[in-house]
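In full-length UniProt numbering, the protein residues as written are 1 to 83. Just so it is clear, CB atoms sit at the ideal spot from N, CA and C, and this is done for glycine as well.
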């Protein structure tokens, strides 16, 4: 059988495109799910920080300010530096 491995980029880009195309509340829950899936995939710290920041923004749009604050705090803890 064939196994498909989903990458961070696949989830992240799909969430980004979906969030950019709709303000529908049901769309927000799908974007949240996609970003949470992305965060479970292996990736570098910069991309994890970007996903956490985007997830925080979606939570703000949904009025979930405590969840948004957690995302922003976790993104700041990553402390990625560009070489």
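Exposure of residue i, with buried meaning 16 or more beta-carbon neighbours within 10 Å
i	result
residue 48	buried
residue 55	buried
residue 35	buried
Close Cβ partners of residue i (< 7 Å) along its chain, the five nearest in sequence each way excluded
i	result
residue 31	15, 18, 19 and 58
Cβ separation of residue i and residue j, assumed to be a contact under 8 Å, to the nearest whole Å
i	j	result
residue 61	residue 28	6 Å
residue 75	residue 52	4 Å
residue 42	residue 12	Residue 42 to residue 12, Cβ: 13 Å. No contact.
Cβ shell of residue i (< 8 Å), same chain only, five flanking positions each side left out
i	result
residue 72	52, 53 and 56
residue 65	59
residue 6	37 and 41
Beta-carbon contacts of residue i that lie in its chain and below 6 Å, excluding the five residues immediately before and after
i	result
residue 39	51
residue 67	59
residue 37	11
Handout entry: Entirely enclosed alpha helix (DSSP H) segments - the UniProt repeat "TPR" (49-82), minimum 4 residues
Key = With a minimum length of 4 residues, the continuous alpha helix (DSSP H) runs that stay inside the UniProt repeat "TPR" (49-82) are 65-78.
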